[in-house]
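First up is the structure itself, then whatever we jot down about it.
Chains as they are written, first to last, in the working numbering: chain P, 10 to 319; chain U, 64 to 441.
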């Protein structure tokens, strides 16, 4: 076990930011903390890192209690903050070298690690640039390089792709997977469900400081009734037709907000075929029809009654 | 680890243009401004003979003693008066035109006519009073013992001083020095910009950068000592440059105790840097508010020390003496002042002692706030 958190509670006055949260992160996994803004992801991370005082709970990292003085534990942790945390007066190389130097006293080894980190995040051409000269995406990459240059066993990335262009985002996500392949255990917090679905081997969904579900991508989706979402583009449909669709086998709900008819089905086979047959039989005018498997947003929606995107 | 943090802090601070402006360029510019503004201030202290007139009438012409006394006071390079002998109408006209500070009419008693009070009319009046007292004394003595006339007349010109002035210093009085001393004291406390930045960069509840440093396996005390050492080195260098500029470019006189002047600057620099650190640790607001507080407190302290109005230093010392000792900018200013004017060190030592207590308070206060390992909120 790399991290074990038991019954963590963090309050800010009357607000409970983290509410009796327990989690366990296994060696070698990419563990995702998914939740909307304000759900307690960053607060949880800050408690784990012993930056924040908390009201209740125990936190262990690498099998030892985590305290601010746990320098042996800290030596093997890399942190990438939500906000870019670099010195504007230092170049790309100097920034990475400075932070790496807080972990690696050996100059020769440090130089090698810094160059590897620069190469890893693709900032070779920019090593003499000052942060102000970098674009948002490149700045995020520098932020990551500063956190991972010392090759930690545990890397915590707190929303590292906020306000990043798609190209840099893909580069960052691929980099995270590569770090994991190289042996690092990753904790990844985000409110972007696509990212979490893409890179995390196990996911905890948070809402209002509480863990509402934990599991692999497949396990989370298996927790809800919805098996398939069928969307039909149709401008007109009578109320009678809509009611009939709702009564088809395995159909859970059908809603028509012109021009979209959204049909949710429970698990089962041939649901799409059944819907197609009905549309053909009723001669309902339509353009596109497509089917989707449930997303983590659907999981969040079913478990909390609200959209994750909100 | 010390060297690693120290070197990178040097790089960071030296490349921080805003900090370098406030800690080095601003005091230099202000020094140049002071030099231009106060260039003629000392010239105001040179005594200039007072323009007066005497009404040329029968009484004046017949009063030989007064005529002689007045003529003697109006002759030579160190004369007291520039005398114009004129009719009453002409004397009135000169007074209206402000060409003279006053005119004298020889009557019984001798009258002085002025159109406003001030130093010059007071000097003229003192001259007349002195003359009248002497005449009165002579008359009294002659009435009592007419035989003394010859002896008295021969001794009239010999004035005997019964009070001896002993100067506490060999230094020449200089009206502009205090302005420059307050400037140095202000520059010392602008070192607070450096101390402020050090704390901002180490307090996880202030900046994400500091949070990243807090999760690194380095003891906070080691980090702060390395960083503050870099800040102090930079600020001491800046202060040394300022002293060199003042002494050799602007020709500001620091007296003969140059070693103590440098020691005072070093202690002032430490006080300034630690003061900024305390403000940063104490005030949980944005950087802009902290900077405003630092500048505000330093400038108010400089004002009370006489930076904008020299006499303020003496007003504070007279009306609220305790404030003189509670104002670290004034303590520094006064320390430079003592080094220039006094041959003894008692007042200087008192200033430095109190300033050292301030440094201890700033350091202990700062560390007691930042030593906490965890924060209630980030």
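Just so you know, even glycine gets a beta-carbon here, dropped at the ideal spot from N, CA and C.
The structure presented is a predicted model; accordingly, all values stated were derived computationally and were not measured.
- Counting only runs that start and end inside the region 116-153 of chain U, the alpha helix (DSSP H) elements of at least 4 residues fall at 121-125, 127-136.
- In terms of Cβ geometry, residue 301/U and residue 82/U do not form a close pair [threshold 8 Å].
- For residue 250/U against residue 299/U, the beta-carbon gap comes to about 11 Å, at or over 8 Å, which does not count as contact.
- Here the C-alpha atom of residue 168/U lies approximately 27 Å from the C-alpha atom of residue 221/U.
- Residue 225/P and residue 210/P do touch by the CB rule: their CB atoms are close to 7 Å apart, below 8 Å.
- Here residue 297/U has 76 as same chain residues with Cβ atoms under 6 Å from its own Cβ, once five neighbours each way along the sequence are excluded.
- About 5 Å separates the CB atoms of residue 165/P and residue 88/P; that is less than 8 Å, so the two are in contact.
- Apart from the 5 residues on each side of it in sequence, residue 233/P sits with its Cβ closer than 6 Å to the Cβ of 308, 311 in its chain, given in chain order.
- When DSSP states are grouped into helix, strand and coil, residue 240/P belongs to the strand group.
- Put simply, the CB of residue 298/U is far from chain P, with every gap to its CB atoms at 8 Å or more.
- The three-state secondary structure of residue 136/P, taken from DSSP, is coil.
- The C-alpha of residue 332/U lies about 10 Å from the C-alpha of residue 422/U.
- Against chain U, a Cβ distance below 8 Å from residue 84/P picks out 280.
- Within the region 59-73 of chain P, the residues whose Cβ lies closer than 8 Å to some Cβ of chain U are 59, 60, 61, 62, listed in chain order.
- With its beta carbon at least 8 Å from every one in chain U, residue 135/P lies outside the interface.
- In this structure the region 260-267 of chain U does not lie against the region 399-419 of chain U, because fewer than three pairs of beta carbons, one per stretch, are closer than 8 Å.
- With 16 or more other CB atoms across the displayed protein chains lying within 10 angstroms of its CB, residue 178/P is buried.
- Ranked by how close their Cα comes to the Cα of residue 280/P, the residues 90/P, 253/P, 237/P have 237/P in first place.
- If only uninterrupted beta strand (DSSP E) runs of at least 3 residues are considered, those enclosed by the region 245-296 of chain P are 260-266, 269-275.
- In the structure shown, the three-state DSSP call for residue 74/P is strand.
- The residue from 118/U, 195/U, 171/U with its alpha-carbon nearest to that of residue 158/U is 118/U.
- Within a 10 Å sphere around the beta-carbon of residue 321/U sit fewer than 16 other beta-carbons, which makes this residue exposed.
- A residue is called buried when at least 16 other Cβ atoms come within 10 angstroms of its Cβ; residue 115/P does not meet this threshold and is exposed.
- The Cβ of residue 267/U sits closer than 8 Å to at least one Cβ of chain P.
- Along the region 242-264 of chain U, none of the residues has a CB nearer than 7 Å to a CB of chain P.
- Straight through space, the alpha carbons of residue 283/P and residue 22/P are spaced by roughly 54 Å.
- No residue range can be given for residue 408/U, since it is assigned to no alpha helix (DSSP H) and is classified by DSSP as neither H nor E.
- Taking a beta-carbon distance threshold of 8 Å, residue 88/P counts as an interface residue toward chain U.
- DSSP places residue 20/P in the uninterrupted beta strand (DSSP E) bounded by 12-21.
- Counting only Cβ-Cβ distances below 7 Å, residue 114/P has contacts in chain U at 64, in chain order.
- The beta carbon of residue 268/P is closer than 7 Å to those of 242, 243, 244 in its chain, skipping five residues each way along the sequence.
- For chain P, none of the residues of the region 407-433 of chain U brings a beta carbon within less than 9 Å of one of its beta carbons.
- If you draw a straight line from the Cα of residue 131/P to the Cα of residue 171/P, it is about 19 Å long.
- Between the alpha carbons of residue 337/U and residue 115/U lies a gap of roughly 59 Å.
- When the beta-carbon positions are compared, residue 257/U and residue 289/U stay at least 8 Å from each other.
- The Cβ atoms of residue 126/P and residue 154/P sit closer than 8 Å to each other.
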